[in-house]
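In my numbering, each residue's number is its place in the sequence shown (first place is 1) plus 384.
Just below is one structure, and these are the notes that go with it.
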Amino acid sequence: MLHRAVEPARMGLDISISGENLTLYIALKEESLSVLKKKMDVGLLYGQLKRMSYFALPPAAARCRVKGHKVNQGADQINGFQAFHCERPEQLKFIDVKLYDALPDLKAVDVWLTTEKWQNKTVVYPDKLQVIIKSGVLK
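This is the structure:
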């Protein structure tokens, strides 16, 4: 008998910071959808993400406001983006990931953070929700 490892439900989150613009891109791929849909209908997963006010929340000190938000459902994935304008981007010291609020069965969020001077890959888990932004990497 062959036993195969089943990947836990993971989601991709790309965070891009350029000047006063903060953009979040999410992707829930087919492998994770197949795991999550055992507990929740795909349409409900899509609706949960679409209704979210924030995929991730920047600190209040950065004075960011949402300027765009969209979620798309394809045949084999759900993806979307959220764009912010930040009056004080130098105050972006961390970002709190909120995706677990909508998808509690999610096991990990793979984060790719890019700025004009730096890039970093990390994983955020339900018990560690912050993405730390290294000092000195923002203009």
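Just so you know, even glycine gets a beta-carbon here, dropped at the ideal spot from N, CA and C.
Alpha carbon of residue i to alpha carbon of residue j, nearest angstrom
| i | j | result |
| --- | --- | --- |
| LEU363 | GLN461 | As shown, the chain starts at 385 and ends at 523. That puts residue 363 outside it, with no answer to give. |
| LEU476 | ARG394 | 25 Å |
| LYS434 | PRO442 | 19 Å |
| ARG449 | TYR430 | 23 Å |
| ASN463 | SER418 | 15 Å |
| GLU414 | LEU428 | 15 Å |
| LEU420 | GLN457 | 15 Å |
| LYS422 | SER416 | 10 Å |
| GLY403 | ALA445 | 16 Å |
| VAL426 | ALA467 | 24 Å |
Cβ pair residue i, residue j closer than 8 Å
| i | j | result |
| --- | --- | --- |
| PHE465 | LEU408 | yes |
| PHE439 | LYS505 | no |
| GLN503 | PHE478 | no |
| ILE401 | PRO473 | yes |
| HIS469 | LYS451 | yes |
| ILE399 | VAL495 | yes |
| ALA492 | PRO392 | yes |
Residues that residue i bridges to, as DSSP identifies them
| i | result |
| --- | --- |
| GLN461 | None; GLN461 has no bridge partner. |
| THR506 | VAL495 |
| ILE516 | PHE478 |
| GLY452 | ALA467 |
| ARG394 | ALA492 |
| TYR409 | ASP398, PHE465 |
| LEU379 | Outside the shown range of the chain, which is 385 to 523, sits residue 379, and nothing can be said about it. |
Spatial neighbours of residue i in its chain, beta-carbon cut-off 7 Å, leaving aside the 5 residues before and after
| i | result |
| --- | --- |
| ARG447 | CYS470, GLU471, ARG472 |
| HIS387 | Interpretation of HIS387 is limited by its pLDDT of 46, a score under 50 that renders its predicted location unreliable; the figure taken from the coordinates is listed afterwards. None. |
| ASP480 | ALA440, LEU441, LEU513, GLN514 |
Same chain only: Cβ atoms within 6 Å of residue i, ignoring 5 sequence neighbours per side
| i | result |
| --- | --- |
| THR498 | SER400 |
Close-in-space but distant-in-sequence residues of the same chain around residue i (CB under 8 Å, 5 per side omitted)
| i | result |
| --- | --- |
| SER519 | LYS477 |
The stretch 501 to 517 / the stretch 480 to 490 touching (three or more Cβ pairs under 8 Å): yes
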